[in-house]
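Q:
Numbering (this note's numbering), first residue to last: 405 to 841.
Put into structure tokens, the structure is as follows:
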């Protein structure tokens with residue numbers, strides 16, 4: 405499959421998922437996960453009953469909505485959930501009433517500074533109801549009275565999440581985490597799952613040393629629930645993890661550090677992005693806002709970072725109806741896929757090279773020294789000799805790539821050539837001390 409085909413396939417999946425009304429719980433999440441199962445048949449869907457404790461939280465009631473609108477007394481719908489699912493405040497309680505404009509106003513949400521945008525508003529943990537509408541719609545509302553109806557229910561149901569596991573030669577795991585709890589928003593919601601599915605399909609078709617775990621969760625409560633059930637296993641096996649969100653636009657690349665800031669996941673993400681886009685945006689854990697909050701919290705302390713395009717909360721369309729399918733592109737999704745593929749390539753291929761000869765080897769007799777010297781060939785030879793000079797078996801190929809300021813893939817290709825010529829051997833030796841110039 406070409407890059408263009410891969411990007412187009414991810415975008416087509418986003419279009420298919422776009423109309424579904426998702427929330428923390430409910431049939432929208434189940435429908436989304438069922439579509440994912442078509443593409444990942446071994447994806448397991450788990451149901452956790454409402455009221456189940458999870459650390460300091462508990463699984464909320466399930467929410468179901470069938471219809472919601474504000475109408476005039478002639479039945480003309482002025483704000484209609486059926487036209488856009490952002491029109492209803494998430495987890496709104498039911499109501500069927502006639503009310504004045506004055507009574508309705510406290511339940512309306514709009515954005516005066518973005519007059520055409522419908523805001524995304526939720527009230528998960530406090531019983532409330534409300535409608536979201538553009539400022540233009542709000543200004544155009546008549547004086548009233550209005551018929552207000554929300555046909556919804558909150559009940560003892562379940563929270564649904566998806567888990568996909570791909571075993572490798574080693575029990576060491578890479579975690580890929582994304583969320584499936586937002587209604588129709590493209591970059592903030594759909595880009596993460598569609599890239600995750602494509603990445604999982606790529607992993608399943610490729611040789612691999614490590615094992616991989618993909619989680620499709622409701623944000624915050626989903627990761628808390630999962631950690632409450634599987635934390636010891638993750639702490640024992642997790643090598644690195646990546647939260648995947650906001651992956652569909654073409655404006656920039658972004659990285660948000662783990663709480664510790666120096667885990668293997670941090671180093672891999674930084675290395676990949678520095679060579680992919682030197683102008684990428686770097687954020688500290690103080691600027692967190694997604695599930696990295698849970699994975700890196702004290703007592704959990706997993707090596708997890710977030711890799712994104714435009715970070716949540718930093719682009720003007722965020723959490724509004726303007727975050728639509730025109731904001732994401734096949735090329736933007738493809739760029740995120742390649743970013744993560746490169747990160748996984750580092751994790752899979754990293755090793756500890758050790759030189760097998762004393763002093764500098766004779767490259768010419770092995771065909772490794774160019775017969776015609778150019779600036780480019782001289783640069784390649786110098787990189788090769790630098791690799792050999794630092795290959796002491798105590799420092800990883802990633803460390804050497806950082807030291808030599810070379811893309812990991814470039815150094816890995818040279819390492820393979822030198823291994824084939826018997827000038828390097830590689831193993832998994834532990835690091836004994838930091839590598840410094």
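Using N, Cα and C, we set each Cβ at its ideal position, and we do this for glycine too.
Alpha carbons only, please: which of 682, 670 and 739 is nearest the one belonging to residue 688?
A: The sequence position of residue 688 within the chain shown is 284, counting from 1. Of the listed residues, the one whose Cα sits closest to residue 688 is 670.
Q: Of all the alpha helix (DSSP H) runs that stay within the bounds of the segment 634-688, which reach a length of 4 or more residues?
A: 668-680
Q: Of the residues 800, 579 and 524, which one's Cα is nearest the Cα of residue 748?
A: Translated into positions along the chain shown, residue 748 becomes position 344. When only C-alpha atoms are compared, the closest one is 579.
Q: When burial is assigned at 16 or more other CB atoms within 10 Å of the CB, is residue 769 buried or exposed?
A: Translated into positions along the chain shown, residue 769 becomes position 365. The residue in question, residue 769, is exposed, as its Cβ has fewer than 16 Cβ neighbours within 10 Å.
Q: Of the residues 534, 730, 561 and 505, which one's Cα is nearest the Cα of residue 464?
A: Counted from its first residue, the chain shown places residue 464 at position 60. Residue 561 is the option with its Cα nearest to residue 464.
Q: Taking 9 Å as the threshold (C-beta atoms), are residue 456 and residue 704 in contact?
A: To locate residue 704, count along the chain shown from 1; it is residue 300. To locate residue 456, count along the chain shown from 1; it is residue 52. Result no, Cβ atoms of residue 704 and residue 456 do not sit closer than 9 Å.
Q: Where does residue 836 fall in DSSP's three states?
A: In the chain shown, counting from the first residue as 1, residue 836 sits at position 432. With a pLDDT of only 48 at residue 836, under 50, the local geometry of the prediction cannot be trusted, and the value read off the model is given with reservation. DSSP places residue 836 in coil when its eight states are reduced to three.
Q: Quick one, are the C-beta atoms of residue 535 and residue 513 less than 9 Å apart?
A: Within the chain shown, residue 535 is the residue found at index 131, counting from 1. Within the chain shown, residue 513 is the residue found at index 109, counting from 1. Less than 9 Å divides the Cβ of residue 535 from the Cβ of residue 513.
Q: Using a C-beta cutoff of 9 Å, does residue 501 count as contacting chain B?
A: Among the chains of the structure shown, chain B does not appear; only one protein chain is present.
Q: If residue 440 sits next to residue 729, beta carbons under 8 Å apart, how far is it from one beta carbon to the other, in whole angstroms?
A: Counting from 1 along the chain shown, the entry for residue 440 is found at position 36. Counting from 1 along the chain shown, the entry for residue 729 is found at position 325. At roughly 19 Å, the Cβ-Cβ gap does not stay under 8 Å, so residue 440 and residue 729 are not in contact.
Q: By the DSSP assignment, the alpha helix (DSSP H) with residue 496 in it spans what residues?
A: On the chain shown, position 92 is the one that residue 496 refers to. No alpha helix (DSSP H) contains residue 496, which DSSP labels as neither H nor E.
Q: When you compare only the Cα positions, how much space is there between residue 717 and residue 686?
A: Position 313 of the chain shown, counted from the start, is the residue given in the question as residue 717. Position 282 of the chain shown, counted from the start, is the residue given in the question as residue 686. Straight-line measurement puts the Cα of residue 686 at about 14 Å from the Cα of residue 717.
Q: How is the alpha helix (DSSP H) around residue 573 delimited, first residue to last?
A: Locating residue 573 in the chain shown gives position 169, counting from the first residue. From DSSP, residue 573 is part of no alpha helix (DSSP H); its letter is neither H nor E.
Q: What is the residue span of the beta strand (DSSP E) that residue 483 lies within?
A: Stepping through the chain shown from its first residue, residue 483 is reached at position 79. Residue 483 -> beta strand (DSSP E) spans 481-484.
Q: Taking DSSP as the reference, what is the three-state secondary structure of residue 459?
A: Here the question's residue 459 lines up with position 55 in the chain shown. Correct three-state label for residue 459: coil.
Q: How big is the Cα-Cα spacing for residue 677 and residue 608?
A: Here residue 677 corresponds to residue number 273 of the chain shown, with the count starting at 1. Here residue 608 corresponds to residue number 204 of the chain shown, with the count starting at 1. C-alpha separation (whole angstroms): 24 Å.
Q: Taking 9 Å as the threshold (C-beta atoms), are residue 674 and residue 657 in contact?
A: Counting from 1 along the chain shown, the entry for residue 657 is found at position 253. Counting from 1 along the chain shown, the entry for residue 674 is found at position 270. Their beta carbons are not under 9 Å apart, which means residue 657 does not touch residue 674 by this criterion.
Q: Between which two residues does the alpha helix (DSSP H) carrying residue 414 extend?
A: By 1-based counting over the chain shown, the position of residue 414 is 10. First-last of the alpha helix (DSSP H) with residue 414: 407-421.
Q: By DSSP, does residue 606 sit in helix, in strand, or in coil?
A: Residue numbering aside, residue 606 sits at position 202 when the chain shown is read from its first letter. Here residue 606 sits in helix by DSSP.
Q: Could you say which of 503, 831, 443 and 472 lies nearest to residue 758 if we only look at CA atoms?
A: What you label residue 758 is simply residue 354 of the chain shown in a count that begins at 1. If you compare the alpha carbons of 503, 831, 443 and 472 with that of residue 758, the shortest gap goes to 831.
Q: I need the DSSP call for residue 757, collapsed to helix, strand or coil.
A: As a first step, residue 757 is located in the chain shown; it is residue number 353 there, counting from the start. Correct three-state label for residue 757: strand.
Q: Can you tell me the Cα-Cα spacing of residue 533 and residue 466, whole angstroms?
A: By one-based count along the chain shown, residue 533 stands at place 129. By one-based count along the chain shown, residue 466 stands at place 62. Their Cα atoms are separated by approximately 15 Å.
Q: Quick check on DSSP: helix, strand or coil for residue 553?
A: On the chain shown, position 149 is the one that residue 553 refers to. Residue 553 falls in the strand class under three-state DSSP.
Q: Give the single residue among 796, 429, 771 and 712 whose Cα lies nearest to the Cα of residue 462.
A: In the chain shown, the residue the question calls residue 462 occupies position 58. When each option's Cα is compared against that of residue 462, the closest is 429.
Q: Assuming the contact rule is C-beta atoms closer than 8 Å, residue 785 and residue 827 should be a hit. Round their C-beta distance to whole Å, please.
A: Position 381 of the chain shown holds residue 785. Position 423 of the chain shown holds residue 827. In fact, because the Cβ distance is near 13 Å, the residues do not count as touching under 8 Å.
Q: Could you check which residue in 418, 442 and 559 has the C-alpha nearest to that of residue 454?
A: Within the chain shown, the letter at position 50 stands for residue 454. Per the C-alpha coordinates, the member of 418, 442 and 559 positioned closest to residue 454 is 559.
Q: At a cut of 8 Å, does the segment 517-532 reach the segment 487-497 through at least three beta carbon pairs?
A: Yes, the segment 517-532 is in contact with the segment 487-497.
Q: Once the 5 residues before and after residue 589 are set aside, which same chain residues still bring their CB inside 6 Å of it?
A: The sequence position of residue 589 within the chain shown is 185, counting from 1. Cβ within range, chain order: 727.
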